[in-house]
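Trainee: If you're matching them up, the sequences are chains A and B in order. Every position in the first sequence, counted from 1, becomes a number in the numbering used here once 9 is added. Every position in the second sequence, counted from 1, becomes a number in the numbering used here once 9 is added. Think of the CB as a built atom: it goes at the ideal place given N, C-alpha and C, for glycine as much as any other residue. Everything numeric in this text was worked out from a predicted model, so none of it was measured.
There are 2 protein chains.
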Amino acid sequence: LTPSDPSLRASSRLIEPADQATVRRNNLSLVLRHLRDQGPRSRADIAAETQLNKATVSSLVAELEQRGLVRETGVKHAGSVGRPARILRLDGARVGALGLAINVDYVAVYGTDLSGRVLVERRHAVDALGVPPAQTIATVAGHTRAALADLDRAGVTPAGIGVAIPGLVDVGQGGVVVAPNLGWRDVPIAERLSTAIVAPHVPVQVDNDANLSALAEFWVGGQAGTPNLVYLTGEVGVGSGVIVEGRLLRGAAGFSGEIGHLPVDPGGTRCGCGRTGCWETKVGLAALVGAAAPGDTRSPDGRSLRDLEDRLAEVVRLADGGDQGARDALAGIGRWLGYGAGLLVNLLNPQVIVAGGCFTLLAGHLLPAARLEMDRLAVAGAATGCRIVPSELGFTAAVRGAAGLVVESVLDDPTAVSQVPLLRGYP
Amino acid sequence: LTPSDPSLRASSRLIEPADQATVRRNNLSLVLRHLRDQGPRSRADIAAETQLNKATVSSLVAELEQRGLVRETGVKHAGSVGRPARILRLDGARVGALGLAINVDYVAVYGTDLSGRVLVERRHAVDALGVPPAQTIATVAGHTRAALADLDRAGVTPAGIGVAIPGLVDVGQGGVVVAPNLGWRDVPIAERLSTAIVAPHVPVQVDNDANLSALAEFWVGGQAGTPNLVYLTGEVGVGSGVIVEGRLLRGAAGFSGEIGHLPVDPGGTRCGCGRTGCWETKVGLAALVGAAAPGDTRSPDGRSLRDLEDRLAEVVRLADGGDQGARDALAGIGRWLGYGAGLLVNLLNPQVIVAGGCFTLLAGHLLPAARLEMDRLAVAGAATGCRIVPSELGFTAAVRGAAGLVVESVLDDPTAVSQVPLLRGYP
Chain A
10 LTPSDPSLRA SSRLIEPADQ ATVRRNNLSL VLRHLRDQGP RSRADIAAET
60 QLNKATVSSL VAELEQRGLV RETGVKHAGS VGRPARILRL DGARVGALGL
110 AINVDYVAVY GTDLSGRVLV ERRHAVDALG VPPAQTIATV AGHTRAALAD
160 LDRAGVTPAG IGVAIPGLVD VGQGGVVVAP NLGWRDVPIA ERLSTAIVAP
210 HVPVQVDNDA NLSALAEFWV GGQAGTPNLV YLTGEVGVGS GVIVEGRLLR
260 GAAGFSGEIG HLPVDPGGTR CGCGRTGCWE TKVGLAALVG AAAPGDTRSP
310 DGRSLRDLED RLAEVVRLAD GGDQGARDAL AGIGRWLGYG AGLLVNLLNP
360 QVIVAGGCFT LLAGHLLPAA RLEMDRLAVA GAATGCRIVP SELGFTAAVR
410 GAAGLVVESV LDDPTAVSQV PLLRGYP
Chain B
10 LTPSDPSLRA SSRLIEPADQ ATVRRNNLSL VLRHLRDQGP RSRADIAAET
60 QLNKATVSSL VAELEQRGLV RETGVKHAGS VGRPARILRL DGARVGALGL
110 AINVDYVAVY GTDLSGRVLV ERRHAVDALG VPPAQTIATV AGHTRAALAD
160 LDRAGVTPAG IGVAIPGLVD VGQGGVVVAP NLGWRDVPIA ERLSTAIVAP
210 HVPVQVDNDA NLSALAEFWV GGQAGTPNLV YLTGEVGVGS GVIVEGRLLR
260 GAAGFSGEIG HLPVDPGGTR CGCGRTGCWE TKVGLAALVG AAAPGDTRSP
310 DGRSLRDLED RLAEVVRLAD GGDQGARDAL AGIGRWLGYG AGLLVNLLNP
360 QVIVAGGCFT LLAGHLLPAA RLEMDRLAVA GAATGCRIVP SELGFTAAVR
410 GAAGLVVESV LDDPTAVSQV PLLRGYP
């Protein structure tokens, strides 16, 4: 099961009067995914296993070789007679993907080739709230050009750029509808970034950071392959990304997963969204840093984020050192985390909830209390069997998911990769 | 898009080394669904549109005719030359489906043929809480045999029985894990009902009533075909059924949609689940009947359900008659309904929320306030565009969904319908 299920396309050629180009693209995807999932094998193996005919497989493989996606890797002697079969494998080394994650105080950059080799992994400081979106985009574009140049030097052609945004994203238009923690509203980020990067042949895709983090967990995280999975971001804001039966739950317009603004405390603190007592005020970064000084409920405003991170480090130090006040405060936050987890368990019945971001730093203090509360609230009781675990991807989940989006695009449509070497020469 | 997407099967013959019987079954399903969705047409049309070859289509059609699922309905003269083509259509009249919905005080029975003609539609009183499950099952089995006899007299062979249960259901095992409002725990209902009906050739499927209601809305309700839809049951308990991209969201074990037990009021009334202040205590039947006498917060215990229904009728009478106290109380309940709707909007981003059961009786008084609260809580604001509407299926949603489950089973696997007439003679 993969979120971009090839079956939809494979079947469309049976049900819809599909044109030749669509059939060809679907079959290229089928062969490429087959090699990725099943490992190296001969043309005859591929034909037998996919039920495509041998001539078609040979033609598809030839095109995938031209696009730098498949190569021959040796021969297999099937027996004492007959020609040895040439073995093919996915060629991951020549085509790459770049992921970006734009946050309030940093942009993360992650470059990989299709085999998963990491070529770029960096974080750069930005001040998204302190400057207009255009200036942040210009800064991000500069870092992106540098990363593209690194890929170029490694002999890797980028198939695309994926961008993770902490906010509501119009995936189709590649635009940010609203990202409160960046202070962005109606920013056509894909178009502007593409223009600023000056690499019009490299397509830019955008999605919500929680969605991309959930996909990264599903693809490469500690819970990879778990078909029903929820990821909780643990940042200033807390959102969720939901995988159902191996597919990302996007909803009608891509606005799903916004669990953070459930009002849980009418007398509580003011939330970044303008409402009062939202769930994320109980479990987000502001609540976590408050564990060091329980009376201090200053809400984060981005400009003091560096300060917040210092205070979070102090909380970790205190709690790990055995400070009972900090531990009690974190257990209280853990119970609130379990409240949200219980809601997710009852509504979505996932197999696992992955707590990411800041939650991973404090997992040992938060999760025991969260588990108790989650189990208490589960209507199905023990039959639910849902686990809550810290992410093993730390703060890289979103940016890995952004790069993964590009990799999946190539697997979905190998014709998106050029047959001729791209013009190169990044600054 | 349908919840049981044929593409998964269609593609499996491409990707997996499928056996002959599987390929045959998938192709029978493909042709049958094609005729259902596209309307009457010739064998040549089916071959061209499905990309199956003509000999295969002829063979598939012959089998579907033998199974009483397809018949010839006339001829089409394509032009001045050539043989006229015989036109085929789905034969809905000979194969039927029976739906049951077991509730605390009644069982609903709904019999239909594949064309959607209603053959049986009845409600019978039961007292699920007052007697052991075995006795309720015996009563339900009696009503079921009578309904099967009615189908028999109409010349309709039942392809199966679907059962809706207000509780957690193990769909694979056909068992009730727990149904608090029936007082049932670990009841293998499919097996016991099948034994009690004495019709071993008629398979029994079981699912949660909210799930089946959501499917009924998606298949035949006022919002039919809306791919992202949530149904809210409005009974003693309040659950939800969630359709995402045209598929029912079941979760890992089929326990999804349990929104009713979100704790929203620590100082509130005790819930049927044993916890305090669950959301369903704010919006369920007990809250609704309390609108007539706000001080009266007696929680329903099933034995007084008849009394509850009388009180509900009184609330409808008062509110429709302009009683300000009742109207204010209902507006308050509407706001709580909007609280849950807002949560669903933020987490699932549906296009529409369908309020069913008792909510339909009071929609004019509840939904205006619910809409305001839902819109206030929507993180994406107006961009969400989610509507909340009353169900047009009233109290029949679950039982229609139960029958629909059987219809979909036949469309998925036409070989489940016997090629020879079944032995008949129900009491």
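1) Taking the alpha-carbon positions, what's the A:R34 to A:G231 distance?
2) Do we get a CB-CB distance below 8 Å when we pair B:V113 with the residues of chain A?
3) For B:Q214, which option in B:T242, B:A300 and B:D179 has the closest C-alpha, if you only look at C-alpha atoms?
4) Which residues, in chain order, does the segment 265-295 of chain B contribute to contact with chain A at a C-beta distance below 9 Å?
5) Tell me whether B:K291 is buried or exposed, calling it buried when 16 or more other Cβ atoms sit within 10 Å of its Cβ.
6) Which residues does DSSP list as the beta-bridge partners of B:C7?
7) Just the Cα atoms here: how many angstroms apart are B:R312 and A:S249?
8) Which residues of the segment 230-252 of chain A have a Cβ closer than 7 Å to any Cβ of chain B? Give them in chain order.
9) Is B:Q29 close to chain A? Criterion is C-beta to C-beta, closer than 8 Å.
10) When DSSP labels each residue in this structure, what does B:P141 get in the three-state scheme?
11) Can you name the residues of chain B whose CB is closer than 8 Å to the CB of A:V165?
12) Mind listing which residues of the segment 353-370 of chain A have their C-beta closer than 7 Å to chain B's C-betas, in chain order?
13) Between B:G266, B:G105, B:R132 and B:E267, which lies nearest to B:P212 when the distance is taken from Cα to Cα?
14) Is it buried or exposed, B:P189, if we count other Cβ atoms within 10 angstroms and call 16 or more buried?
15) Using only the alpha-carbon positions, how far apart do B:G349 and B:W288 sit?
16) Should A:V388 be flagged as near chain B, meaning a C-beta pair shorter than 8 Å?
17) Thinking just about the alpha-carbon of each residue, which of B:A295, B:D337 and B:V165 is nearest to the one in B:R126?
18) State buried or exposed for B:T153, treating a residue as buried only when at least 16 other CB atoms are found within 10 Å of its CB.
19) State buried or exposed for B:N217, treating a residue as buried only when at least 16 other CB atoms are found within 10 Å of its CB.
20) Buried or exposed for B:N62, going by 16 or more other Cβ atoms inside 10 Å?
21) Does B:L69 come within less than 8 Å of chain A when only Cβ atoms are used?
22) Where does B:A64 land, buried or exposed, given buried means 16+ other C-beta within 10 angstroms?
23) Measure the alpha-carbon distance for A:N358 versus B:A296 and round it to whole angstroms.
24) Use the C-beta contact count for A:A387: other C-beta atoms within 10 angstroms, 16 or more gives buried, fewer gives exposed.
25) On the premise that A:A173 lies in contact with A:V408, defined as a C-beta separation below 8 Å, what is that separation, rounded to the nearest angstrom?
26) Counting only beta-carbon atoms, is A:V180 nearer than 8 Å to chain B?
27) Among A:L327, A:E382, A:H210 and A:V363, whose alpha-carbon lies nearest the alpha-carbon of A:I342?
28) With a threshold of 8 Å, are at least 3 pairs of Cβ atoms found where one atom belongs to the segment 234-249 of chain A and the other to the segment 418-427 of chain A?
29) So which residues on chain B does A:V186 lean against when the C-beta distance must stay under 8 Å?
30) Taking Cβ positions only, does A:A261 come closer than 8 Å to chain B?
31) Which runs of the alpha helix (DSSP H) fall wholly inside the segment 209-251 of chain A and span at least 4 residues, in chain order?
32) For A:C4 and A:H270, I'd like the C-alpha separation in whole angstroms.
33) Who are the near neighbours of A:V187 in its chain, counting only those whose CB is closer than 8 Å to its CB and skipping five residues on each side?
34) Tell me the DSSP bridge mates of A:S51?
35) Pick out whichever of A:A57, A:V129, A:A322 and A:E72 has its Cα sitting closest to the Cα of A:S38.
36) Let me see if you follow: with CB-CB separation under 8 Å, is A:L221 close to chain B or not?
Mentor: Taking the geometry as given:
1) Indexing the first sequence from 1 puts residue 34 of chain A at position 25. Indexing the first sequence from 1 puts residue 231 of chain A at position 222. Their Cα atoms are separated by approximately 32 Å.
2) On the second sequence, position 104 is the one that residue 113 of chain B refers to. At least 8 Å separates the CB of B:V113 from every CB of chain A.
3) Here the question's residue 214 of chain B lines up with position 205 in the second sequence. Of the candidates B:T242, B:A300 and B:D179, the residue whose Cα lies closest to the Cα of B:Q214 is B:D179.
4) Within the segment 265-295 of chain B, the residues whose Cβ lies closer than 9 Å to some Cβ of chain A are S265, G266, E267, I268, G269, H270, L271, P272, V273, C282 and R284, listed in chain order.
5) Numbered from 1 along the second sequence, position 282 holds the residue referred to as residue 291 of chain B. Under a 10 Å Cβ-count criterion, B:K291 is classified as buried, with 16 or more other Cβ atoms of the shown protein chains found around its own Cβ.
6) Given a span of 10 to 436 for chain B in the structure shown, any question on residue 7 of chain B remains unanswerable.
7) Numbered from its first residue, the second sequence carries residue 312 of chain B at position 303. Numbered from its first residue, the first sequence carries residue 249 of chain A at position 240. Residue placement at B:R312 is flagged as unreliable, the pLDDT there being 46, under the threshold of 50; the coordinate-derived value follows with that caveat. Rounded to whole angstroms, B:R312 and A:S249 show a C-alpha spacing of 41 Å.
8) The residues in question are N237.
9) As a position in the second sequence, residue 29 of chain B is number 20, starting the count at 1. Not one chain A Cβ lies under 8 Å of B:Q29.
10) Numbered from 1 along the second sequence, position 132 holds the residue referred to as residue 141 of chain B. Note: B:P141 maps to coil in three-state DSSP.
11) To locate residue 165 of chain A, count along the first sequence from 1; it is residue 156. Taking a Cβ-Cβ threshold of 8 Å, none of the residues of chain B is close to A:V165; the smallest such distance is about 29 Å.
12) So the list reads N355, L356, L357, N358, P359 and Q360, given in the order they occur along the chain.
13) Against the second sequence, residue 212 of chain B aligns to sequence position 203. When C-alpha distances from B:P212 are compared across B:G266, B:G105, B:R132 and B:E267, the shortest belongs to B:G105.
14) Taking the first residue of the second sequence as 1, we reach residue 189 of chain B at position 180. The residue in question, B:P189, is buried, as its Cβ has 16 or more Cβ neighbours within 10 Å.
15) As a first step, residue 349 of chain B is located in the second sequence; it is residue number 340 there, counting from the start. As a first step, residue 288 of chain B is located in the second sequence; it is residue number 279 there, counting from the start. The straight-line gap separating the alpha-carbon atoms of B:G349 and B:W288 is approximately 8 Å.
16) Taking the first sequence and counting its residues from 1, the one referred to as residue 388 of chain A is at position 379. Taking Cβ atoms only, chain B reaches closer than 8 Å to A:V388, which makes this a yes.
17) In the second sequence, the residue the question calls residue 126 of chain B occupies position 117. Nearest neighbour of B:R126 by Cα position, chosen from B:A295, B:D337 and B:V165, turns out to be B:V165.
18) What you label residue 153 of chain B is simply residue 144 of the second sequence in a count that begins at 1. Counting the other Cβ atoms within 10 Å of the Cβ of B:T153 gives 16 or more, which makes it buried.
19) Stepping through the second sequence from its first residue, residue 217 of chain B is reached at position 208. Its Cβ being crowded by 16 or more others within 10 Å, B:N217 is buried.
20) Mapped onto the second sequence, residue 62 of chain B falls at position 53. Exposed, by the Cβ-count rule.
21) Here residue 69 of chain B refers to the residue found at position 60 when the second sequence is read from its first residue. No, no contact with chain A.
22) The residue given as residue 64 of chain B occupies position 55 in the second sequence. That one is exposed.
23) Mapped onto the first sequence, residue 358 of chain A falls at position 349. Mapped onto the second sequence, residue 296 of chain B falls at position 287. Approximately 27 Å between the Cα atoms of the pair.
24) By 1-based counting over the first sequence, the position of residue 387 of chain A is 378. Of the residues assessed, A:A387 falls on the buried side of the cut-off, its CB having 16 or more other CB atoms within 10 angstroms.
25) In the first sequence, counting from the first residue as 1, residue 408 of chain A sits at position 399. In the first sequence, counting from the first residue as 1, residue 173 of chain A sits at position 164. 6 Å between Cβ atoms; contact.
26) Within the first sequence, the letter at position 171 stands for residue 180 of chain A. At a cut-off of 8 Å between beta carbons, A:V180 makes no contact with chain B.
27) Position 333 of the first sequence holds residue 342 of chain A. For A:I342, the nearest C-alpha among the options comes from A:E382.
28) At 8 Å Cβ cutoff, the stretches do not touch.
29) Taking the first sequence and counting its residues from 1, the one referred to as residue 186 of chain A is at position 177. The answer, in chain order, is A389 and A392.
30) Working through the first sequence from its first residue, we reach residue 261 of chain A at position 252. Yes, its Cβ sits closer than 8 Å to a Cβ of chain B.
31) If we require 4 residues or more, the alpha helix (DSSP H) runs fully inside the segment 209-251 of chain A come out as 218-229.
32) The displayed coordinates of chain A run from 10 to 436. Any statement about residue 4 of chain A would go beyond what the structure contains.
33) On the first sequence, residue 187 of chain A is found 178 positions in, with the first residue counted as 1. G176, L177, W193, R194 and D195.
34) Taking the first residue of the first sequence as 1, we reach residue 51 of chain A at position 42. Answer is A:I96, bridged to A:S51.
35) Walking along the first sequence from the start, residue 38 of chain A turns up at place 29. When C-alpha distances from A:S38 are compared across A:A57, A:V129, A:A322 and A:E72, the shortest belongs to A:E72.
36) Counting from one through the first sequence, the residue named residue 221 of chain A turns up at place 212. Using beta-carbon distances, A:L221 does not count as an interface residue toward chain B, since no partner is under 8 Å.
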